[in-house]
Amino acid sequence: MLPRHTSPSLATPRRTPALRIALLVVSLLLGLTAGVVVQAGPAGAAVPKRTDLEKRIDWAIFRLVNAERALHGLRPLYMAPGLRLSARRHNVTMARFNEMSHQLPGEPVFTTRMSNAGYDWSWAGENIAWNSDMTKGGVALLERLMYNEKPPNDDHRLNILNTHYRNIGVDVYMDHENHKVWLTTDFGRRG
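Here it is, written out as structure tokens:
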């Protein structure tokens, strides 16, 4: 099966609470998010511990993203624990529903997920993908496909090369039940 990925949520600045509300309203009107914004249980809900393989692939993708940015003279991103936790929770939720989406039923929008994970953001974005090739090469292929997108369908690439971001949270989840590897990359800049 071919790898799958979806357009990232747009890079979102946060300057004031009023701006956050306005952006949410605009996003809902434009259909950029799906469903009602509700919390799916406590923010500290348990998620499966990362396996050694998942950790190795996480860090390989982190290095790959920074190598892609370096080709354009961009500063490297730094792994942020809150963004990693947000990405992990989202991967587990996508696996539970066996559906790729930036927001699943009962789940908050990605910016709220980041805040709930302890990351105080002023800019935020997200790339998500899955592949049935559950190897480091299969996940690296997903990242390369996103990086090599061409305009006007290059939203993932725009997130990867966004100059506003300073942090990243990469998570890979091996979903043996659905035979998929899920990749969520959360991007941010602290507020």
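Here the numbering used here runs 322 ahead of the position in the sequence shown, where the first position is 1. From the three backbone atoms N, C-alpha and C, an ideal C-beta is built for every residue, glycine too.
query	result
Inside the segment 425-473 only - beta strand (DSSP E) runs reaching at least 3 residues	443-453
Any non-hydrogen atom of the ligand ATP closer than 6 angstroms to Val-461 Cβ	Absence of the ligand ATP from the depicted structure is noted, as is the absence of any ligand whatsoever, leaving it without description.
Reduced DSSP secondary structure (H/G/I, E/B, other) of Asn-420	coil
Proximity to His-424 [Cα-Cα], best of Leu-505, Lys-371, Gly-513, Arg-511	Leu-505
Beta-carbon proximity check, Ser-513 vs Asp-442, cutoff 7 angstroms	In the sequence as displayed, the identity of residue 513 is Gly instead of Ser. It is a contact, given that the beta carbons lie within the stated cut-off.
Alpha carbon of Ile-482 to alpha carbon of Glu-390, nearest angstrom	8 angstroms
Beta-carbon gap between Glu-376 and Val-494 smaller than 7 angstroms	yes
Other residues of its chain near Thr-485: CB distance less than 7 angstroms, five sequence neighbours each side excluded	Leu-396
For Arg-372, three-class secondary structure by DSSP	coil
C-beta contact flag for Asp-508 and Gly-491 at 7 angstroms	yes
Start and end residues, alpha helix (DSSP H) containing Arg-479	477-482
Paired residues, beta bridge with Val-414 - DSSP	Answer is none; Val-414 lacks a bridge partner.
Beta-carbon spacing of Met-401, Phe-384 below 7 angstroms	yes
Which of helix, strand or coil DSSP assigns to Leu-386	helix
For Gly-491, three-class secondary structure by DSSP	strand
Boundaries (first-last residue) of the beta strand (DSSP E) holding Thr-507	502-512
Gly-404 burial status per 10 Å Cβ neighbour count (16 or more: buried)	buried
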